[in-house]
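*Asks:* I'd like to ask you about the structure that follows.
Protein chains: 2
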Amino acid sequence: MDRKNCYEYPRPALTTDCVIFGFGGNGLKVLLVEREKEPFKNKWALPGGFVHENENAEESAERVLLEKTGMKNVFIEQLYTFTQPDRDPREWIVSVTYFALVNNRQLQLITGRDIVKAEWFGVGHVPRLAFDHNNIVKKALERLRGKVRYQPIGFELLDEKFTLTQLQQLYEAVLGTVIDKRNFRKKILGMGLLKALNEKEKNVGRRAARYFSFDRKAYKKLTASGFNFEI
Amino acid sequence: MDRKNCYEYPRPALTTDCVIFGFGGNGLKVLLVEREKEPFKNKWALPGGFVHENENAEESAERVLLEKTGMKNVFIEQLYTFTQPDRDPREWIVSVTYFALVNNRQLQLITGRDIVKAEWFGVGHVPRLAFDHNNIVKKALERLRGKVRYQPIGFELLDEKFTLTQLQQLYEAVLGTVIDKRNFRKKILGMGLLKALNEKEKNVGRRAARYFSFDRKAYKKLTASGFNFEI
DNA sequence: GCTGATAAGTGTATAAATAACACTTTGGTC
DNA sequence: GACCAAAGTGTTATTTATACACTTATCAGC
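Quick mapping for you: the protein sequence lines, in order, are chains A and B. Following my numbering, the numbering of the first sequence begins with 450 at its first residue and continues without gaps. Following my numbering, the numbering of the second sequence begins with 450 at its first residue and continues without gaps.
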């Protein structure tokens with residue numbers, strides 16, 4: 450070790466860890482990777498890595514996401530910073546954590562690559578993870594559940610175009626409730642945030658559902674004039 | 450400099466900064482301290498300091514609060530972590546920020562001491578601050594405004610006992626709205642979160658108002674059974 | 001091309017919450 | 001005891017939320 454990185458007082462290493470949520474057919478899922486090194490070698494963990502000197506934590510999280518899972522341009526937001534001195538058995542390591550929401554298309558990307566061993570786990574079936582990562586997942590779930598009702602972030606988990614039933618199932622999965630179909634549609638359409646597309650499902654073996662898309666422009670306009678999203 | 454704190458890769462210094470809100474007669478206030486050293490010597494800044502190796506960030510924030518302002522046992526919550534590499538002109542310094550809510554009694558404590566030069570500023574009259582601290586204050590205000598409607602944290606800004614008018618004025622100040630007195634009282638009393646005390650204001654030169662206190666026990670019970678606070 | 005299976009799509013009536021609004025009462029001062 | 005200032009108090013109209021069941025479209029199999 451050379452004398453380059455010496456300081457007057459001890460300093461923590463800085464990492465980012467990312468809780469990536471996806472919405473598959475049967476519920477909300479979180480992406481875990483298998484650790485290739487000690488400590489916790491071969492244990493499941495959140496994708497993460499060290500922050501470089503010339504980048505901020507968010508850039509670092511995005512870089513790590515791309516390197517480890519091949520995902521980019523995903524919705525990402527700072528979650529919490531974990532600073533407990535003994536959270537890493539090696540030394541003082543502080544982690545700025547993020548939570549990310551990806552849709553099915555982004556979710557496909559990773560299955561093609563083989564950058565690290567990664568797997569989706571239903572949020573109810575997350576195994577014992579390395580470090581304090583179970584805590585981080587717990588915090589991310591709380592945040593997602595709290596936020597999904599007051600901000601239109603649920604759309605980040607669906608494809609560009611989606612059916613109202615998919616949207617409803619998403620809310621039911623995240624919130625853990627059952628929602629009345631007619632009331633849900635009345636409410637969500639009444640907000641004026643969805644664009645009805647001239648396109649329907651195909652080859653579904655039943656009546657085909659119409660596709661909708663989230664109208665970001667309309668949402669911006671509405672929020673500017675005091676509108677508050679709420680499900 | 451000895452060789453004690455040398456690392457393989459560069460590491461950031463870790464600090465905490467704290468946005469402390471108080472509610473004075475005429476609105477919401479934030480506590481600022483004057484910097485005694487370069488950089489930004491004699492400029493206003495948020496109270497903050499370096500995190501020690503054997504403490505977590507929250508303990509550090511509480512320690513700094515006590516050292517710099519004499520406050521303890523205040524409501525404190527992690528806000529956001531600022532990691533922009535050039536946010537400090539000296540070197541790479543990452544700050545885990547907190548927001549704190551103090552009531553009048555805690556607010557008095559500091560005026561007695563003279564630990565650092567500290568002053569309350571109305572949130573609409575915050576001067577140009579050191580580093581990226583104006584950003585931090587902005588973020589804290591957003592958080593407070595977003596949170597005060599869905600969690601009973603407003604009470605942290607009032608004394609143990611308070612009148613309904615004080616509570617209403619607090620919400621009006623934080624949210625920047627005007628609230629109807631009768632509807633406000635109906636709603637807040639209807640929640641069953643306030644204990645009416647057998648005590649009134651004294652020597653006020655008008656009809657004395659009854660004191661109330663926030664019933665934490667009742668709140669815990671209610672949240673456990675699915676109640677959601679909302680103003 | 002008819003039948004059956006499956007989920008899409010749709011309206012109304014009741015209950016609850018919110019919003020608007022003004023006067024009487026009380027404690028203290030002069 | 002007259003006056004000042006803010007405390008305290010109900011009702012109605014409007015909006016929003018909730019509960020609830022049948023018809024329609026698409027595809028598959030015959």
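Built from N, CA and C at the ideal position, the CB exists for glycine as well. A quick note: this is a predicted structure, and the numbers were derived from the prediction, not measured.
Please say whether B:THR532 and A:THR530 have beta carbons closer to each other than 7 Å?
*Replies:* No, the Cβ-Cβ distance between A:THR530 and B:THR532 is not below 7 Å.
*Asks:* Using the Cα positions of A:ASN491 and A:GLN618, report the straight-line distance between them to the nearest angstrom.
*Replies:* Each residue's Cα considered, the two are about 34 Å apart.
*Asks:* Interface residues of chain B around A:PHE499 at Cβ under 8 Å?
*Replies:* Ordered by position in chain B, the residues that pass the 8 Å Cβ test against A:PHE499 are TYR458.
*Asks:* I need the straight-line Cα distance from B:PHE499 to B:LEU463, nearest angstrom please.
*Replies:* So the two alpha carbons sit approximately 6 Å from each other.
*Asks:* Within 7 Å (strictly less), CB to CB, does A:VAL545 reach chain B?
*Replies:* Closer than 7 Å to some Cβ of chain B, the Cβ of A:VAL545 qualifies, so yes.
*Asks:* What alpha helix (DSSP H) runs, 4 residues minimum, are completely inside the stretch 532-598 of chain A?
*Replies:* The stretch 532-598 of chain A contains these whole alpha helix (DSSP H) runs: 553-561 and 582-597.
*Asks:* Does DSSP put B:LYS644 in a helix, a strand or coil?
*Replies:* In this structure, B:LYS644 counts as strand in the three-state DSSP scheme.
*Asks:* For a test of the three-state rule: what should DSSP assign to B:LEU673, helix, strand or coil?
*Replies:* Per the sequence presented here, residue 673 of chain B reads as Ala, with Leu not at that position. In the structure shown, B:ALA673 sits in a helix (DSSP, three-state: H, G or I).
*Asks:* If B:LYS610 and B:PHE661 are in contact, beta carbons under 8 Å, what's the gap, nearest whole angstrom?
*Replies:* With 8 Å as the limit, B:LYS610 and B:PHE661 qualify as a contact, their Cβ atoms being about 7 Å apart.
*Asks:* Restricting to Cα atoms, I'd like to know which of A:SER509, A:THR626 and A:ASN505 is closest to A:PRO496.
*Replies:* Answer by Cα proximity: A:SER509.
*Asks:* Between B:TRP541 and chain A, is there a C-beta pair that is closer than 7 Å?
*Replies:* Answer yes: the Cβ-Cβ gap between B:TRP541 and chain A drops below 7 Å somewhere.
*Asks:* Of all Cβ atoms in chain A, is any one closer than 7 Å to the Cβ of B:GLU502?
*Replies:* By this cut-off, B:GLU502 is an interface position.
*Asks:* Below 7 Å between beta carbons: does that hold for A:CYS455 and B:CYS455?
*Replies:* In this structure, B:CYS455 lies closer than 7 Å to A:CYS455 by Cβ.
*Asks:* Under 7 Å, do B:GLU605 and B:PHE548 count as touching if we go by C-beta distance?
*Replies:* The answer is no: Cβ separation not under 7 Å.
*Asks:* Nearest chain B C-beta to A:GLN533 closer than 7 Å, yes or no?
*Replies:* Output row for A:GLN533: interface = yes.
*Asks:* For B:ALA441, which residues in chain A fall below 7 Å Cβ to Cβ?
*Replies:* This structure gives no information on residue 441 of chain B, because the portion of chain B shown stretches from 450 to 680.
*Asks:* Can a CB atom of chain B be found closer than 7 Å to the CB of A:LEU593?
*Replies:* Closer than 7 Å: no.
*Asks:* Per DSSP, A:PHE663 forms a beta bridge with which residues?
*Replies:* In the DSSP output, where bridge partners are listed per residue, A:PHE663 has A:LEU643.
*Asks:* Can you tell me which of the three DSSP states A:ASN652 falls into?
*Replies:* A:ASN652 falls in the coil class under three-state DSSP.
*Asks:* From the DSSP output, which residues share a beta bridge with B:LEU463?
*Replies:* DSSP, once it has assigned bridges, lists B:VAL543 as partnering B:LEU463.
*Asks:* Give me, in chain order, the residues of the same chain whose beta-carbon lies closer than 6 Å to that of A:VAL545; leave out the 5 immediate sequence neighbours on both sides.
*Replies:* Same-chain partners within the cutoff: THR465, ALA506 and THR530.
*Asks:* Can you tell me whether A:GLN557 is buried or exposed, with buried defined as 16 or more other CB within 10 angstroms of its CB?
*Replies:* By the neighbour-count rule (16 or more Cβ atoms within 10 Å), A:GLN557 is not buried but exposed.
*Asks:* Are the C-beta of A:PRO538 and some C-beta of chain B separated by less than 7 Å?
*Replies:* So no, A:PRO538 is outside the interface.
*Asks:* Whole angstroms are fine: how far does the CA of B:GLY571 sit from the CA of B:ASN552?
*Replies:* Each residue's Cα considered, the two are about 15 Å apart.
*Asks:* Does the beta carbon of B:ALA462 come closer than 7 Å to any beta carbon on chain A?
*Replies:* With 7 Å as the cut-off, B:ALA462 counts as an interface residue toward chain A.
*Asks:* So A:GLN527 contacts chain B; which residues on that side make the cut at Cβ distance below 7 Å?
*Replies:* Within 7 Å Cβ-Cβ: TYR529 and THR530.
*Asks:* Specify, as a first and last residue, the run of the beta strand (DSSP E) that B:LYS517 falls within.
*Replies:* Element bounds for B:LYS517: not the beta strand (DSSP E) but the alpha helix (DSSP H), 506-518.
*Asks:* Tell whether a beta-carbon distance below 7 Å holds between A:PRO538 and B:GLU502.
*Replies:* Not in contact: A:PRO538 and B:GLU502 (Cβ atoms no closer than 7 Å).
*Asks:* In this structure, how does DSSP classify A:GLN600 when only helix, strand and coil are distinguished?
*Replies:* Residue state, collapsed to three classes: coil.
*Asks:* Does DSSP classify B:LYS630 as helix, strand or coil?
*Replies:* If DSSP states are grouped into helix, strand and coil, B:LYS630 belongs with the helices.
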